[in-house]
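Here the numbering used here is used: position 28 in the sequence shown is 39, and no number is missing along the way.
C-beta: ideal position from N, C-alpha, C; glycine also.
Structure record follows, encoded as structure tokens.
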Amino acid sequence: MTEPGMPDEILGLRRSIDNIDAALVHLLAERFKMTQRVGELKAVGGLPPADPSRDQQQIARLTALATDAGLDPAFAEAFRNFIVAEVIRHHEVIAAEYAAGRRTGEVPALDTFA
12 MTEPGMPDEI
22 LGLRRSIDNI
32 DAALVHLLAE
42 RFKMTQRVGE
52 LKAVGGLPPA
62 DPSRDQQQIA
72 RLTALATDAG
82 LDPAFAEAFR
92 NFIVAEVIRH
102 HEVIAAEYAA
112 GRRTGEVPAL
122 DTFA
């Protein structure tokens, strides 16, 4: 896509940004496949959807990673909180489905989520 008067460097940077956005979407999709599996395992095992202890460990880990990468740790934590809130919502739905008998039996193999 060319835009008259737009410097080539900006156009090149935008293409790179678009590529990174696509990679992020694919990474998030893979991440949610894993967290769906965790939700299934938690529901079958009677574990709560949220794990505050792990959350604290992950916040500390992410803060260090963000700092090392030159990313604002507050932004990284806010982004993580957004994602984790969605994961917990999914886990609550899965747990409710098991409790209501809409999901039963063994936890499906991970490849069934692909």
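Given 8 Å, three or more beta-carbon pairs between the segment 20-27 and the segment 62-77
no
Which value, in whole angstroms, describes the spacing of the CA atoms of F124 and D29?
Reliability of the predicted coordinates at F124 is poor, the pLDDT of 47 falling under 50, and the value obtained from them is presented with this limitation in mind. Between F124 and D29, the C-alpha separation is close to 27 Å.
How should G16 be labelled, buried or exposed, when 16 other C-beta atoms within 10 angstroms of its C-beta is the threshold for buried?
exposed
Cβ neighbour criterion (16 or more within 10 Å) applied to H102:
buried
What would DSSP say about A61, mapped onto helix, strand or coil?
coil
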